[in-house]
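Working notes, structure below.
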Amino acid sequence: MAAGAAGRDQFAPLAEDENGADRLPTGPDHRRDRPGLGAVAEDIQDPIRIPYADLPGFPRGEVSGHARQLCYGTLHGRKVLIYQGRAHYYEGGDSAVMRVPLGVLAAFGSPPLILTNAAGSLSPEMRPGSLALITDHINLNGPNPLIGDTGDGRFVPMVDAYDPHLRGRFKRAAQKAAIPLGEGVYMWFTGPSFETPAEIRMAKLLGADLVGMSTVPEVILARRFGLRVAGLSIVTNMGAGLHGGMPHHAETRDVAGLAAGALRRLLRAFLSEL
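Be aware that the sequence shown starts at -14, since it is given in our numbering, and climbs by one per residue.
Written out as structure tokens, the structure reads:
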């Protein structure tokens, strides 16, 4: 999503994971109960909705439950643009699949970008159903959406990739709305299979607090385009092998749905900070 008051912050893109489907299967049993930005989009006043299929260069991903549409309108007094549904690397092996949608945001004057996802937790302090602010990420997968780019612009510094100013606003918003908000480092796994217990132990040793199958490629692209980024995770499960953690499709879906209300209240408080 994107939003703001004036000038550079004219609107805020709220992108993209409407429901945490980056940790859900594609079967027909998971075409309902979509939380996250899908629920937030319902709050938009006078919405204009455009299917991705009608927008040249936008992804045509096949993950069930993603609305795959752009939604523009007013949310809590701010103009916002919500991308409902993202395309994932595991769908076609293209880490730059969200290049065009993010480039569109940059063309609007580089508004702040809020990315949401569903994630597994490696910390006992961040339990399923809670929200967490992403402070940094780890990418050891190999794919990078800037591979193949030309010119010096591809050498993007990733210090403060998750904008400290936006993170501060989210912390103040969480305090204002009395919403517990964890924070930590997010480690990207390509998926679509869940992580093994050994991979979870490795992630902990490397300093990760959260794991998931999205977000990192989009953050790299967003920084390439000069967008300021904040990342929010809905914690849907504990990492495999931790505290009895066993990623389960139905549980992941249900927990994400329960956290949707808190996400909506947090975003409302955040927008009031802009």
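C-beta atoms are modelled at their ideal positions from N, C-alpha and C, and glycine is treated no differently. Only a predicted model underlies this, so the values are computations on that prediction, with no experimental measurement involved.
Item                                                                                                                                                                    : Value
With a cut-off of 8 Å on the beta carbons, I'd call R84 and A146 a contact; round off their distance for me.                                                            : R84 to A146, Cβ: 17 Å. No contact.
With DSSP collapsed to three states, give me the class of I185.                                                                                                         : helix
Pairing CB atoms from the region 182 to 202 with CB atoms from the region 118 to 132, are three or more of them under 8 Å?                                              : yes
Between P44 and V82, which are expected to be in contact by the criterion C-beta below 8 Å, what is the C-beta distance as a whole number of angstroms?                 : 5 Å
Specify the secondary structure class of H150 as computed by DSSP and reduced to three states.                                                                          : helix
Nearest to S80 by alpha carbon, out of L118, P130, N126, P109?                                                                                                          : P130
Going by C-alpha distance, which of L212, G176, I205, I219 is nearest E76?                                                                                              : G176
Based on the DSSP secondary-structure assignment, which residues constitute the bridge partners of P36?                                                                 : Q54
Can you list, in chain order, the residues of its chain with a C-beta nearer than 8 Å to that of G138? Leave out the 5 residues immediately preceding and following it. : R209
Whole angstroms are fine: how far does the CA of G78 sit from the CA of P128?                                                                                           : 9 Å
Classify A183 as buried or exposed, calling it buried when 16 or more other Cβ atoms lie within 10 Å of its own Cβ.                                                     : exposed
Hey, could you find the ends of the beta strand (DSSP E) I119 is sitting in?                                                                                            : 116 to 123
Considering only the alpha carbon of each residue, which of N222, I33, Q160 lies closest to Q54?                                                                        : I33
For G153 and H228, I'd like the C-alpha separation in whole angstroms.                                                                                                  : 31 Å
Looking at A52 and Q69, is the spacing between their C-beta atoms short of 8 Å?                                                                                         : yes
Could you compute how far the alpha carbon of G169 sits from the alpha carbon of M223?                                                                                  : 14 Å
Look at the alpha carbon of G167 and the alpha carbon of R63, and state the distance between them as a whole number of angstroms.                                       : 26 Å
Please look up how many angstroms separate the CB atoms of A188 and L116, rounded, as I've assumed it's under 8 Å.                                                      : No, A188 and L116 are not in contact; Cβ-Cβ is about 20 Å, not under 8 Å.
Assuming G114 and V240 form a contact by the criterion Cβ under 8 Å, report the distance between their Cβ atoms to the nearest whole angstrom.                          : 5 Å
Thinking C-beta only, is L151 closer than 8 Å to R213?                                                                                                                  : yes
Of the residues D39, S178, A247, A92, which one's Cα is nearest the Cα of H73?                                                                                          : S178
My output table needs one value for S263: the three-state DSSP class, helix, strand or coil.                                                                            : This structure cannot settle anything about residue 263, because the visible part of the chain is limited to -14 through 259.
Roughly how many whole angstroms lie between the Cα atoms of A26 and D134?                                                                                              : 33 Å
Can you tell me whether I260 is helix, strand or coil according to DSSP?                                                                                                : Because the chain is modelled from -14 through 259, residue 260 falls outside the range shown and cannot be assessed.
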